[in-house]
Amino acid sequence: MENGSGPLAVAFMADRVREKVAALSEAVVLADGGDLRALAALHLEFRELGESWRGDFAADIIAACQRAESALDTAAAGSPGELSGAMRVVSECAGWLQAVICDDRDPRELPALGGLSDIGSAAAEASSSGHAWEEKDVLDPDPSLLADFVRESLEHLENSDVLLMALESGPADGESVNGIFRAFHTIKGVAGFLGFQGIQAFAHGTENLLDMARQGSLALDARILDVAFAAVDVLRRRIQWVAAHGGAAAPDDLIGAMRSTLERVEAAAQGKPDIAGQEAPVLLPAEPGMRLGEILVAAGKISAETVDRALRSQGQSGEGMPLGEALVRRAGVPAKEVGLALASQKKALESAATGALKETVKVEAARLDRLLDAIGELVIAESMVLGAPELKRSLSPALVQKIGQLDKITRELQEMGTSLRMVPIRPIFQKMQRLVRDLSKQSGKAVDFVAEGEETELDKTVVEKIGDPLVHMLRNSLDHGIESDPDARERAGKPRTAKVRFSAFQKGGSVCIEIADDGRGLDRDAILAKARERGLWREETAPSDKEIFGFIFEAGFSTAKQVTELSGRGVGMDVVKRNIESLRGRIDIQSRPGQGTTFSIWLPLTLAIIDGMVVRVGKERFIIPTLSIVRIVTPAAEAIHTFQDKGEMLRLQDELIPVYPMRGYLCGDDSKERRLFVVTESEGRKAAFPVDELLDQQQIVIKKLEEEFPPIPGISGGAILADGRVGLILDVDTLMKSEFQP
Amino acid sequence: MSAGKYLTFQLGKEAYGIGIMKVQEIVGVMPVTRMPKLPHFVRGLVNLRGKVIPVFDLRLKFGLERRDDTDRTCIIVVRLSLDGNRVDAAAVTLGIIVDEVSEVVNVPAEAIEPPPAFGSSVDVSFLLGVGKLGNKVVMLLDADRILPREELQSVTMEAAVAA
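One line per chain: the protein sequences are A and B, in this order.
Going by the working numbering, the first sequence opens with residue 463, and the numbers climb by one from there.
Going by the working numbering, the second sequence opens with residue 2, and the numbers climb by one from there.
This is the structure we're talking about:
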């Protein structure tokens, strides 16, 4: 070990280490072998001690630390029988270390500690004999603990995915490997605590592999990354099983997958212990805005006095020497440490810039909804108070001002309330990135993934429901859109590696998500031919691009010549369209032959609010979503045609639009009076609804009807109107179904 | 077993009681939005502080004659399950319109008689028993059974198919 520090620093370090060792051996005595978190903490302490020791007998001390670490691993992963033995080894090591470091005993006088090999073999034995795949005990942990475990684990795995992808695309970065290691480590600990021995053993195996990568004894090549990806996937499936079935034993195929993946992991760990991989420096803990000296002091590398001394010398020199240089030259701090601290400082600043973790509070969704309800009610109550004639009579300028204030606050509250349900689309994009990676491996097509606007926020429900359609469209893009032959791309003047771009942005009250590929584009002729073959287009004239691209949303429509693993069965785009429409969104396609295809999905910012037209029918008021209204007309009497004096049609320019007299159904009166018609369009069909009066166009907060209440055909929900009464929101789709015809 | 505290109310001359644990609150009658194709005893939807809940006219449900609302007419907001007394049944919030709310009374077990058999002409399935309180007789209702889900569902389904 090289040692570039002055004698004072060494003495200071030694003091600190003595304190640490004393504390450590105390902790070992107190440690409960069953508490995996405590074991993990001890593990870390021993490692740090081994790594930081700069004094005499370095080799012996490092060996003792490693022996303790190894024993702790055995304790964490092994059976209860092995636990006590392993803990005894740990306390032996701690005692030995205390004797050598704190009491300055010569190791040669002390009874020798065993080598690493005996624990190693015990650990190996434990791992081969004792993967407890079938959770032996019937697990009955506290459901809230389980829920926390599932949530945290899934978050960790998601995080690992992101980090793995960063590792795959970028240079080996110690912090990322560390992050993944910690994820598995935490899962292992909690799983052990809850009694999921299979998960524990699995996470332990993966953690070992990652640990090797972390310490640089294993190069993180594509093979190792693949194995790590697989491990993340399998573990996620297992955790999802826990989410759905609690402590019930996992099905055989899942256990089989875990077992085979763990074998891969272990094979990778033993495979080629490629020492060539360089050790990535472990950065020091640093907060953004921390100064260099503070970082070093906080990490225990130097003392505050050293910094002071360096600062003073910095001032004396008068030439503005940077603190780092001053520390190295004047205070004798190792240049390596200063360099590390500088890197940590930079990293902290970077992570602060790229959206450092914001502090968040998890709130039950139902509570949030109640809050939003209350805010909505407040807004209505306010408008009712303001509209009261008594108040109008006694308005003074001071009162007007106060009312203005109240109004401003309620509005602010309302906006804030709506924003509470908004979440960024980032997790979805991360999933897509992962999927692109997997699919491109599967299909052998090189594809780059670009995400833009990950910060864009959408209603939580929308984010939850948009995932599947996006996955489907992405599969389509990769399978049909992108050329399988990179040469063909080159000939077309495009880079050999294809690009898929996901972008999200907000425009007005909508959010747009675009999926763009630079593949071959939609094949107009093939689509049209297929459409003619299926009788979707009978006319001789060629349809517009929009109409042609619309065909791909027809059920069972596929031009694919063969069904591949990815897609091509013709099932899907219709479902995609339906899903998007159920979120009250729409989908547009732009495609240029040879240039690629862009799907644009337009979604409302929030599901809770729609733009609605309030109409009067008879004595009742109804809300028609503005999105489905094409136009509103007052036709001349001769524009209405009847069939058998019953079925009515409205002639609008050259279109005959069926009239749906909802009055009888909705209000129970059969007045034949027709003055105004609201013409709507849904799924390409137009319909005309007679109404008596247009009252207002406003933002409507949708209220779900009681969940247990039977659904009422023709009504999609209720809303509270400006006067506090309930208005019904018409569901144009079901109203058009023939059952409601008179 | 059905002893306990009951909220009593009047429908015309008849006194009824509903288990106090089922009652969420009592509110005055408010403007109701009618809903299509629901049984005649469903008056419609009201806005209960931002929550949209259905309200029922108990008079009409019990086959009594329709009566205009007075200033004593109340909506008893109850939380009950439409699946009867099944423990796992999901709860719904409903409003029940009654002529007037009287008081909360404690009905001891010895004051409760089993529902009388009126023969097939009168449905007593939602009657827990009859409470005798001094010279008064209170019909104790099984709140969860007043409005069976099937009844609501079948009516709306019929409406959907037949219309």
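Beta carbons: idealized from backbone N, C-alpha and C, even for Gly.
As the structure is a computational prediction, the values presented were derived from the model and not from experiment.
First through last residue of the alpha helix (DSSP H) which encompasses Met1111/A: Membership of Met1111/A in any alpha helix (DSSP H) is not indicated; the residue belongs instead to the beta strand (DSSP E) covering Gly1109 to Leu1114.
Beta bridge counterpart(s) of Arg80/B as assigned by DSSP: Answer is Thr94/B.
For Tyr17/B: DSSP bridge partner residues: Bridge partners of Tyr17/B: Phe10/B and Met140/B.
Cβ neighbours of Tyr17/B in the same chain (closer than 7 Å, five flanking residues each side left out): Excluding sequence neighbours, Tyr17/B sits near Thr9, Phe10, Val139, Met140 and Leu142.
Rounded separation between His934/A and Met1075/A - CA only: Rounded to the nearest angstrom, the two C-alpha atoms are 34 Å apart.
Glu725/A at chain B interface by Cβ criterion, 8 Å: Among the CB atoms of chain B, none fall inside 8 Å of the CB of Glu725/A.
Ser122/B in three-state terms, based on DSSP: Here DSSP, grouped into helix, strand and coil, assigns Ser122/B to coil.
Test: Pro32/B CB closer than 8 Å to a CB of chain A: Interface flag for Pro32/B against chain A is set, since a Cβ pair is found closer than 8 Å.
Contacts around Leu875/A, its chain only, beta-carbon distance under 6 Å, and the 5 residues preceding and following it disregarded: A distance below 6 Å between beta-carbons, with the five flanking residues on each side excluded, links Leu875/A to the following residues of its chain, in chain order: Ile837.
Partner residues on chain B for Val1188/A, Cβ-Cβ distance less than 7 Å: For Val1188/A, the C-beta contacts it makes with chain B under 7 Å involve Thr34, Leu46, Val47, Asn48 and Val53, in order along the chain.
Backbone secondary structure at Val99/B - three-state DSSP: Secondary structure at Val99/B: strand, using DSSP grouped into helix, strand and coil.
Residue range of the unbroken alpha helix (DSSP H) whose run includes Asp910/A: Counting along the chain, Asp910/A falls outside any alpha helix (DSSP H), though it belongs to the beta strand (DSSP E) covering Val909 to Glu914.
C-alpha distance - Ile977/A paired with Asp1007/A, whole-angstrom precision: Distance from the CA atom of Ile977/A to the CA atom of Asp1007/A, rounded to whole angstroms, is 18 Å.
Within-8 Å CB hit, Pro37/B to chain A: It does; some Cβ of chain A falls within 8 Å.
C-beta contact flag for Ala1184/A and Ile1191/A at 8 Å: Going by C-beta atoms, Ala1184/A is not nearer than 8 Å to Ile1191/A.
Helix, strand or coil at Asp1073/A according to DSSP, with G and I counted as helix: In the three-state scheme derived from DSSP, where H, G and I count as helix and E and B as strand, Asp1073/A is classed as strand.
7 Å Cβ shell around Phe691/A - same chain, five flanking residues per side excluded: Closer than 7 Å at Cβ, skipping near neighbours: Leu626.
Short Cβ contact (8 Å threshold) for Glu914/A with Ser965/A: With contacts defined by Cβ atoms closer than 8 Å, Glu914/A and Ser965/A form a contacting pair.
Residues within the segment 820-836 of chain A neighbouring chain B, beta-carbon criterion of under 8 Å: Going along the segment 820-836 of chain A in chain order, one finds Asp835 and Ala836 with a Cβ nearer than 8 Å to chain B.
With 16 other Cβ atoms within 10 Å as the buried cut-off, status of Asn107/B: Classification for Asn107/B: exposed.
Beta-carbon separation (whole angstroms), Ala118/B vs Leu134/B, contact threshold 8 Å: Going by Cβ atoms, the distance from Ala118/B to Leu134/B rounds to 22 Å, so no, they are not a contact pair.
Straight-line Cα distance separating Arg1137/A from Lys1081/A: If you draw a straight line from the Cα of Lys1081/A to the Cα of Arg1137/A, it is about 15 Å long.
At least three beta-carbon pairs within less than 8 Å, the segment 23-30 of chain B to the segment 70-79 of chain B: Remark: three or more beta-carbon pairs, one from each stretch, lie closer than 8 Å, so the segment 23-30 of chain B and the segment 70-79 of chain B are flagged as touching.
Touching by the beta-carbon criterion (3+ pairs, under 8 Å), the segment 987-998 of chain A and the segment 946-956 of chain A: Taking 8 Å as the limit for Cβ pairs, the verdict is that the segment 946-956 of chain A does not touch the segment 987-998 of chain A.
Endpoints, the beta strand (DSSP E) within which Thr1059/A is located: Gly1058 to Pro1066 is the span of the beta strand (DSSP E), which, as asked, contains Thr1059/A.
Sheet register partners of Arg698/A (DSSP bridge): For Arg698/A, DSSP assigns no beta-bridge partner whatsoever.
Contacts that Glu839/A makes with chain B (C-beta to C-beta distance below 9 Å): Chain order gives the chain B residues near Glu839/A as Asn48, Arg50, Gly51 and Lys52, where near means a beta carbon separation below 9 Å.
Where Glu1117/A sits in the DSSP three-state scheme: Strand at Glu1117/A.
Cβ of Leu1192/A within 8 Å of any chain B Cβ: No, Leu1192/A does not count as interfacial toward chain B.
Contact check, Thr1088/A vs Asp1107/A, beta carbons under 8 Å: Not closer than 8 Å, so no.
Test item: CB-CB of Pro109/B and Gly130/B under 8 Å: Contact: no.
Near-chain C residues of the segment 1103-1129 of chain A (beta-carbon distance less than 7 Å), N- to C-terminal order: In the displayed structure, chain C is absent; the protein chains listed are A and B.
Three-state class that DSSP yields for Asp145/B in the structure shown: In this structure, Asp145/B counts as helix in the three-state DSSP scheme.
Three or more C-beta pairs below 8 Å linking the segment 649-656 of chain A and the segment 672-687 of chain A: They do not touch, by the three-pair rule.
Whole-angstrom distance between Phe1151/A and Thr1196/A, CA atom to CA atom: Looking at the two C-alpha atoms, the distance is approximately 13 Å.
Chain-ordered neighbours of Glu1082/A on chain B, where CB pairs are closer than 8 Å: Contact note: Glu1082/A reaches chain B through Thr34 and Arg35, using a C-beta cutoff of 8 Å and chain order.
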